[in-house]
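Residue 9 in my numbering sits at position 9 of the sequence shown; the count goes up by one each step and never skips.
Glycine included, every Cβ here is placed at the ideal spot set by N, Cα and C.
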Amino acid sequence: MGQIASFMDSLHLTYDEVVNKIPYRNLVIMQKDKQHEVYGDVVKTISGKDMAKRRSKK
1 MGQIASFMDS LHLTYDEVVN KIPYRNLVIM QKDKQHEVYG DVVKTISGKD
51 MAKRRSKK
């Protein structure tokens with residue numbers, strides 16, 4: 001598969017966008033920054049007061 005086809009497939013772009021509208025440098029950056037699935041636990045945000053309460057309980 002050629003580079004143009006891989007840009008079209010992975011970034012869901014048209015041939016005209018890849019060849020004429022979007023510069024090559026931007027296409028490379030877009031491919032690197034492509035969204036991906038994230039794994040792991042959800043980080044919960046807590047306030048400073050809650051952190052202080054947890055610390056004082058120990």
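Could you tell me how far apart the beta carbons of residue 31 and residue 10 are, in whole angstroms, since I believe they sit closer than 8 Å? As a working mapping, residue 31 is identified with position 31 in the sequence shown. As a working mapping, residue 10 is identified with position 10 in the sequence shown. Your pair residue 31 and residue 10 checks out as a contact, with CB atoms roughly 6 Å apart and the cut at 8 Å.
Given this structure, state the Cα-to-Cα distance separating residue 18 from residue 41, to the nearest angstrom. Here residue 18 corresponds to residue number 18 of the sequence shown, with the count starting at 1. Here residue 41 corresponds to residue number 41 of the sequence shown, with the count starting at 1. Taking the straight line from one Cα to the other gives about 37 Å.
If you follow the alpha helix (DSSP H) that residue 21 is part of, which residue opens it and which one closes it? The residue you call residue 21 lines up with position 21 of the sequence shown. Premise fails: residue 21 is in no alpha helix (DSSP H) and is neither H nor E.
Three-state secondary structure (DSSP) at residue 35? Along the sequence shown, one-based indexing puts residue 35 at 35. Here residue 35 sits in coil by DSSP.
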